[in-house]
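In mature numbering (1 follows the signal peptide of the UniProt record, and there is no 0), the protein residues as written are -28 to -1, 1 to 336.
Backbone N, C-alpha and C define an ideal beta-carbon position, used for all residues, glycine too.
These numbers were taken from a predicted model, which means no experiment stands behind them.
The block underneath contains the structure these notes are about, expressed in structure tokens.
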């Protein structure tokens, strides 16, 4: 058996982390009020092989507004593995990239631990905040552009324009019309693998608007962008149980399969406004055996809260689409799960038992 070697963060890591703090436009806030604190541990064990191995682990954004903070991660890497923290443009996506050369036989493992603090986020849509986020022209263009699975022309633009029909005085009004339409016309499909692939054009072309969060919330994002509303997905994972009474919207302990995508849209004078139509559909399907109708008070509570609010028993990794991972020519539609490659073969990140990874969350 090869002697294990332990690697920790290099001196460059605090520099990257502090750079991210500037990128994410934090509003002034009382940093001690209403925060929940979690310790998140990711364990990866890749089966023995004589081929070169690469691993990419998504990391939570270091600082997001006044609702998320993540401390510097610590990790241990087996054998001759080399680990590097990377910041990938243009979405400032944090990734831990680990590689093992072909000369390193046997099982490869990584253990990573990170402390994350979050607090609930809710925007008063009647009163603009004192210090709203202001997007640069470059950022505005980034969150309006079409993506591989999120086109903004053709059937997407046609559908969005049919929804709003020229109505609405501002982005909040128009986004609410799109949000209501998405909630009313989609369905959560428990048979969808993972969180879905987010192929909006395929959904609209087929007329099958069922799926999971990466499908339903991507639909909101694409429709919003197509009528000039900057919007983005937020890819992450649930960290703890819901304190708002939603049994279906929380997970603690083993969160290996608790990934969840959310969405945001931008309104000048307000900044980024959180939404989550996918979780409204999840409450309707899973909160009670047999499902709940939209008229149920619990569904109404979710529907009202999730236009402008996120319960932060969840952490955000990134907002990236069509991400080119370091060390490979492939593009990932999004990065919400650990990714690995053995030789030229990509491992299936939706099968953590075969891939052998686990994620655990403990509330501190």
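Shown here, residue 54 sits in a strand according to DSSP, grouped into three states. Take residue 319, set aside five residues on each side of it, and the residues of its chain with a beta-carbon closer than 6 angstroms to its own are 312 and 327, in chain order. With a contact defined as Cβ atoms closer than 8 angstroms, residue 158 and residue 181 qualify at about 5 angstroms. For residue 190, the uninterrupted alpha helix (DSSP H) segment begins and ends at 185 to 198. Annotation for residue 250: 185, 188 and 189 place their beta carbon closer than 6 angstroms to its own, counting only its chain and skipping 5 residues before and after. Between residue 291 and residue 205, the CB-CB gap stays under 8 angstroms. Put simply, of 332, 331, 330 and 314 the residue whose alpha carbon is nearest the alpha carbon of residue 24 is 314. Here residue 223 is buried, its C-beta having at least 16 other C-beta atoms within 10 Å. The alpha carbon of residue 129 has as its nearest neighbour, out of 195, 336 and 151, the alpha carbon of 195. Here residue 217 is exposed, its C-beta having fewer than 16 other C-beta atoms within 10 Å. The Cβ-Cβ distance between residue 333 and residue 39 does not fall below 8 angstroms.
The C-beta distance from residue 71 to residue 16 rounds to 13 angstroms, too long to fall under 8 angstroms, and the pair is not in contact. When DSSP states are grouped into helix, strand and coil, residue 149 belongs to the helix group.
Nearest in C-alpha terms to residue 267, of all of 331, 155 and 324, is 155. Here residue 7 carries a coil assignment [DSSP, helix/strand/coil]. Between residue 93 and residue 284 a beta carbon distance of about 6 angstroms is seen, short of the 8 angstroms cut, so the two are scored as contacting. Residue 226 counts as exposed, since fewer than 16 other C-beta atoms from the protein chains shown sit within 10 angstroms of its C-beta. 8 angstroms or more divides the Cβ of residue 132 from the Cβ of residue 193. Distance from the CA atom of residue 325 to the CA atom of residue 295, rounded to whole angstroms, is 25 angstroms.
Taken through DSSP and simplified to helix, strand or coil, residue 165 comes out as coil.
Between residue 56 and residue 69, the beta carbon gap of about 5 angstroms places them in contact (Cβ cut-off 8 angstroms). The stretch 120 to 146 contains no complete beta strand (DSSP E) run of 3 or more residues. Relative to the Cα of residue 316, the nearest Cα in the group 331, 310, 299 and 304 belongs to 299. Approximately 11 angstroms separates the beta-carbon atoms of residue 97 and residue 241; this is outside 8 angstroms, ruling out the contact.
As the crow flies, the alpha-carbon of residue 214 is around 43 angstroms from that of residue 77. Among the bridge pairs identified by DSSP, residue 236 is matched with 204 and 246. Contact annotation, residue 243 with residue 105: C-beta distance approximately 3 angstroms; criterion of less than 8 angstroms satisfied. By alpha-carbon distance to residue 305, the top candidate from 6, 172 and 254 is 172.
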